[in-house]
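For reference, the structure discussed in these notes is given below.
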Amino acid sequence: MIPLGPIRIGGVAPIAPGVLSAIGKHPMDRPLWLGTEGFEGDAQADPRHGGPEKAVHHYDAGHCPSWRADLGDLPQLAPGGFGENLSSLGLTESGVAVGDRFRLGAALVEVSQARQPCWKLNIRFGIPDMARRVQDSARTGWYYRVIEPGMVAPGDGLVLADRRAPDWTLDRLWHVLYRDRLNRAELAAMAELAVLSEGWRALARRRLDNMAVEDWTARLKGQRDGG
Numbered sequence: 127m128i129p130l131g132p133i134r135i136g137g138v139a140p141i142a143p144g145v146l147s148a149i150g151k152h153p154m155d156r157p158l159w160l161g162t163e164g165f166e167g168d169a170q171a172d173p174r175h176g177g178p179e180k181a182v183h184h185y186d187a188g189h190c191p192s193w194r195a196d197l198g199d200l201p202q203l204a205p206g207g208f209g210e211n212l213s214s215l216g217l218t219e220s221g222v223a224v225g226d227r228f229r230l231g232a233a234l235v236e237v238s239q240a241r242q243p244c245w246k247l248n249i250r251f252g253i254p255d256m257a258r259r260v261q262d263s264a265r266t267g268w269y270y271r272v273i274e275p276g277m278v279a280p281g282d283g284l285v286l287a288d289r290r291a292p293d294w295t296l297d298r299l300w301h302v303l304y305r306d307r308l309n310r311a312e313l314a315a316m317a318e319l320a321v322l323s324e325g326w327r328a329l330a331r332r333r334l335d336n337m338a339v340e341d342w343t344a345r346l347k348g349q350r351d352g353g
């Protein structure tokens with residue numbers, strides 16, 4: 127079993143004038159129902175950050191020392207700082223693959239994609255290019271879809287149940303998306319990867335069709351920065 131920190135959920139709140147977010151997650155000390163849209167009581171200000179393919183966000187707390195080395199001892203660099211529902215130590219993007227299934231309490235969850243960081247992280251951390259730093263670092267975290275809803279209690283950990291595409295680690299996906307960005311063979315394989323979220327499969331198909339990389343400006347900088 128992989129131990130987890132407390133389950134964290136949060137509501138929508140302002141993080142800057144005119145900007146709403148649910149990135150502020152608070153630890154819970156009671157069992158919570160985990161359904162196909164996420165934990166009861168959890169919310170997203172932007173529907174693109176939620177839905178069945180992004181029901182639960184997981185981030186490795188073991189990344190925090192690396193972030194402190196890069197940024198200093200910011201108060202946000204603690205479990206929950208990246209707006210995650212779940213945190214653990216030692217379960218990282220290099221070892222987790224899309225399609226990995228885990229028992230979580232009475233629920234069954236499956237890795238659907240890595241996180242694509244957005245500009246609200248810039249506000250959260252008070253660093254204008256924080257979203258870009260997260261993207262470039264490969265320390266992104268990931269999302270689960272919920273295969274079987276169920277109750278999750280404090281102290282429940284993750285138990286690996288199945289690996290449906292073990293060759294497709296999140297690091298490999300990161301390399302395709304942000305480094306070897308127009309590799310036809312990898313994009314074609316990614317587009318056909320049934321356990322990958324449809325949004326990322328469609329992204330791969332668009333790159334194949336256009337042989338061009340999408341503009342990341344709006345996602346990384348947002349309208350507040352002229353994006």
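Numbers given in our numbering equal positions in the sequence shown, counted from 1, plus 126. Ideal Cβ placement from N, Cα and C applies to all residues, glycine included.
Quiz item: Name the DSSP beta bridge partners of leucine 146, please?
Solution: Here residue 146 refers to the residue found at position 20 when the sequence shown is read from its first residue. Bridge partners of leucine 146: Pro140.
Quiz prompt | Neighbourhood of arginine 241 by C-beta, 7 Å cutoff - its chain only, sequence neighbours within 5 removed | solution = If you number the sequence shown from 1, residue 241 lands on position 115. The beta carbon of arginine 241 sits closer than 7 Å to those of His183, Thr266, Gly267, Trp268 and Tyr269, all from its chain and outside the five residues before and after it, given in chain order.
Quiz item: Quick one: what's isoleucine 135 bridged to in DSSP?
Solution: Taking the first residue of the sequence shown as 1, we reach residue 135 at position 9. For isoleucine 135, the pairing in a beta bridge is given by DSSP as His152.
Quiz item: When burial is assigned at 16 or more other CB atoms within 10 Å of the CB, is threonine 162 buried or exposed?
Solution: Stepping through the sequence shown from its first residue, residue 162 is reached at position 36. Looking at its Cβ environment, which holds fewer than 16 other Cβ atoms inside 10 Å, threonine 162 is exposed.
Quiz prompt | Alpha-carbon spacing of aspartate 196 relative to glycine 188, whole angstroms | solution = What you label residue 196 is simply residue 70 of the sequence shown in a count that begins at 1. What you label residue 188 is simply residue 62 of the sequence shown in a count that begins at 1. C-alpha separation (whole angstroms): 14 Å.
Quiz item: Helix, strand or coil: how does DSSP classify glutamine 242 here?
Solution: Locating residue 242 in the sequence shown gives position 116, where the first residue counts as 1. Of the three classes helix, strand and coil, the one that applies to glutamine 242 here is coil, per DSSP.
Exercise. Report the residue from Gly283, Gly207, Phe251 and Val145 whose alpha carbon sits nearest the alpha carbon of alanine 233.
Key: By 1-based counting over the sequence shown, the position of residue 233 is 107. When the alpha-carbon of alanine 233 is set against those of Gly283, Gly207, Phe251 and Val145, the nearest one is in Gly283.
Quiz item: Can you tell me the Cα-Cα spacing of leucine 286 and arginine 258, whole angstroms?
Solution: Along the sequence shown, one-based indexing puts residue 286 at 160. Along the sequence shown, one-based indexing puts residue 258 at 132. Looking at the two C-alpha atoms, the distance is approximately 31 Å.
Practice problem: Mind listing, in chain order, the continuous alpha helix (DSSP H) runs of no fewer than 4 residues lying wholly within the region 262-294? | Solution: Runs of the alpha helix (DSSP H) inside the region 262-294: none found.
Self-check item: Contact check, valine 222 vs threonine 295, beta carbons under 8 Å
Solution: In the sequence shown, residue 222 corresponds to position 96, counting from 1. In the sequence shown, residue 295 corresponds to position 169, counting from 1. Contact check for valine 222 against threonine 295 passes: the beta carbons are separated by less than 8 Å.
Quiz item: Helix or strand or just coil, what does DSSP make of phenylalanine 251?
Solution: Position 125 of the sequence shown, counting from 1, holds the residue named residue 251. The three-state secondary structure of phenylalanine 251, taken from DSSP, is helix.
Self-check item: Residues bridged to phenylalanine 208 [DSSP beta-bridge criterion]
Solution: Counted from its first residue, the sequence shown places residue 208 at position 82. Bridge partners of phenylalanine 208: none, in fact.
Quiz prompt | C-alpha gap between glycine 353 and valine 145, whole angstroms | solution = For the purposes of this step, residue 353 is taken as the residue at position 227 of the sequence shown. For the purposes of this step, residue 145 is taken as the residue at position 19 of the sequence shown. Its pLDDT being 30, under 50, glycine 353 is placed unreliably by the model, and the measurement read from it follows with that caveat. Cα to Cα, the separation comes out at about 15 Å.
Quiz item: Got a sec? Which residues, its chain only, sit under 8 Å from serine 220 by beta carbon, not counting five neighbours each side?
Solution: Taking the sequence shown and counting its residues from 1, one reaches residue 220 at position 94. Contacts found: Thr295, Leu296 and Asp297.
Quiz prompt | Pick from Met154, Gly136 and Glu166 that is closest to proline 275, judged by C-alpha positions | solution = Within the sequence shown, residue 275 is the residue found at index 149, counting from 1. Of Met154, Gly136 and Glu166, the residue nearest in Cα terms is Glu166.
Quiz item: Considering arginine 310, what are the terminal residues of the alpha helix (DSSP H) in which it resides?
Solution: Indexing the sequence shown from 1 puts residue 310 at position 184. Counting along the chain, the alpha helix (DSSP H) containing arginine 310 begins and ends at 310-317.
Quiz item: Among all the DSSP beta bridges, which residues are the ones paired with valine 235?
Solution: Indexing the sequence shown from 1 puts residue 235 at position 109. DSSP lists Phe228 and Val272 as partners of valine 235.
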